[in-house]
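K.L.:
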């Protein structure tokens, strides 16, 4: 019984971590595509959406924002 509980708990933890890594990798890919730094940082995490950000490579006051959901990241910008 305890082994089963530990097994399911382990599966839950691993699946939660893999989703975060997936969104981070998607945000990094989008950053490279949009000429932003690939050092992305997680700002907000919701049930199905994650908001990541990094700065533009040329304009250091331009914040690149990546909204990730459904296996895709959408790009937008904000000025400091």
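Numbering (the numbering used here), first residue to last: 269 to 348. Ideal placement from N, C-alpha and C gives every residue a C-beta, glycine not left out. Nothing here was measured: the structure is a model prediction, and the numbers come from that model.
(1) Taking the alpha carbon of residue 316 as the reference point, which residue from 291, 329, 348 has its own alpha carbon closest?
(2) Rounded to the nearest angstrom, what separates residue 303 and residue 348 at their Cα positions?
(3) Helix or strand or just coil, what does DSSP make of residue 324?
(4) Where does residue 305 sit, in a helix, a strand or coil, going by DSSP?
(5) Which of helix, strand or coil does DSSP assign to residue 290?
P.N.:
If we stick to the structure as given:
(1) Residue mapping note: residue 316 aligns to position 48 of the chain shown, counting from 1. For the residues 291, 329, 348, the minimum Cα distance to residue 316 belongs to 291.
(2) As a working note, residue 303 is residue 35 in the chain shown. As a working note, residue 348 is residue 80 in the chain shown. Between residue 303 and residue 348, the C-alpha separation is close to 17 Å.
(3) For the purposes of this step, residue 324 is taken as the residue at position 56 of the chain shown. Strand, per DSSP.
(4) Within the chain shown, numbered from 1, the residue matching residue 305 stands at position 37. Note: residue 305 maps to coil in three-state DSSP.
(5) Position 22 of the chain shown holds residue 290. Helix at residue 290.
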